[in-house]
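Participant: Residue numbers (the numbering used here), protein chains in the order written: chain A, 81 to 189; chain B, 2 to 115.
I'd like to ask some things about the structure below.
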């Protein structure tokens, strides 16, 4: 079972910033938090990964508070093409990534 | 760098028939994964290879599913015989290192069992 909890769906409009928060209360000390994006009819795509504080790349930012019990994926100025399912993952006890149902983000014009 | 290749992209079979899926990972990636994704759900890991050895097949229904990666590169996943509940997208992924959290996925094979 996935060890993370995230909203089932979110709506946004083009140009807005979208923040998707994921809860992982039982995260282990050494676990990283990984986010994937999946478009319809495609395989998931790695977006970003972090351990603590803030990580930023050309696609998104990931904010992780000091207690690491949650994390927030931030997508700046979304466009219609950001409509996708976003998965927050932490590894299980055998170091495997477990996908939950993800957050379905719908961006409207 | 070429991505993960999978074929076929779509397959329709009747229950109790057999089917096979093929995957070619990214060159140099030692780890290969097969996932099953049922509509509306996240991908579920079926089997993981490191080179040509199985690392984890704990969630593979071994009575009907089999997979191999004989030369440590390409892999095939077979279902025999298929059941209606096997209708799903079968995704292949690869990563450079064992248990890497950065995996590269192929486009998947959509299987419909009627």
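Idealized CB from N, CA, C, for every residue including glycine.
1. Going along the segment 40 to 72 of chain B in order, which residues come within less than 9 Å of chain A, judged by CB to CB distance?
2. Give a yes or no on whether 8 Å exceeds the smallest Cβ distance from residue 86 of chain A to chain B.
3. Could you work out which residue in B/107, B/80, B/60, B/90 is closest to residue 178 of chain A when comparing CA atoms only?
4. Report yes if the CB atom of residue 83 of chain B is closer than 8 Å to the CB atom of residue 38 of chain B, and no otherwise.
5. Per DSSP, residue 131 of chain B forms a beta bridge with which residues?
6. Kindly indicate which three-state DSSP category residue 161 of chain A falls into: helix, strand or coil?
7. Do residue 113 of chain A and residue 144 of chain A have their C-beta atoms within less than 8 Å of each other?
8. Using the rule of at least 16 other Cβ atoms within 10 Å of the residue's Cβ for burial, across every protein chain shown, is residue 175 of chain A buried or exposed?
9. Beta-carbon within less than 6 Å of residue 104 of chain B's beta-carbon, same chain only, minus the 5 sequence neighbours each way: which residues are those?
10. Let me see if you follow: with CB-CB separation under 8 Å, is residue 163 of chain A close to chain B or not?
11. Roughly how many whole angstroms lie between the Cα atoms of residue 107 of chain B and residue 117 of chain A?
12. Of the residues A/105, A/123, A/129, A/104, which one's Cα is nearest the Cα of residue 115 of chain A?
13. Just mark residue 55 of chain B as buried or exposed, buried being the case when its beta carbon has 16 or more other beta carbons within 10 Å.
Facilitator: A quick look at the data gives this:
1. Along the segment 40 to 72 of chain B, going in chain order, the ones with a CB nearer than 9 Å to a CB of chain A are 41, 42, 43, 44, 45, 46, 49, 57, 59.
2. no
3. When C-alpha distances from residue 178 of chain A are compared across B/107, B/80, B/60, B/90, the shortest belongs to B/60.
4. no
5. The structure shown does not extend to residue 131 of chain B, since chain B spans only 2 to 115, so no value can be given for it.
6. Residue state, collapsed to three classes: helix.
7. yes
8. Residue 175 of chain A comes out exposed.
9. 94, 96
10. It does not; no Cβ of chain B falls within 8 Å.
11. One Cα belongs to residue 107 of chain B, the other to residue 117 of chain A, and the distance between them is close to 13 Å.
12. A/129
13. exposed
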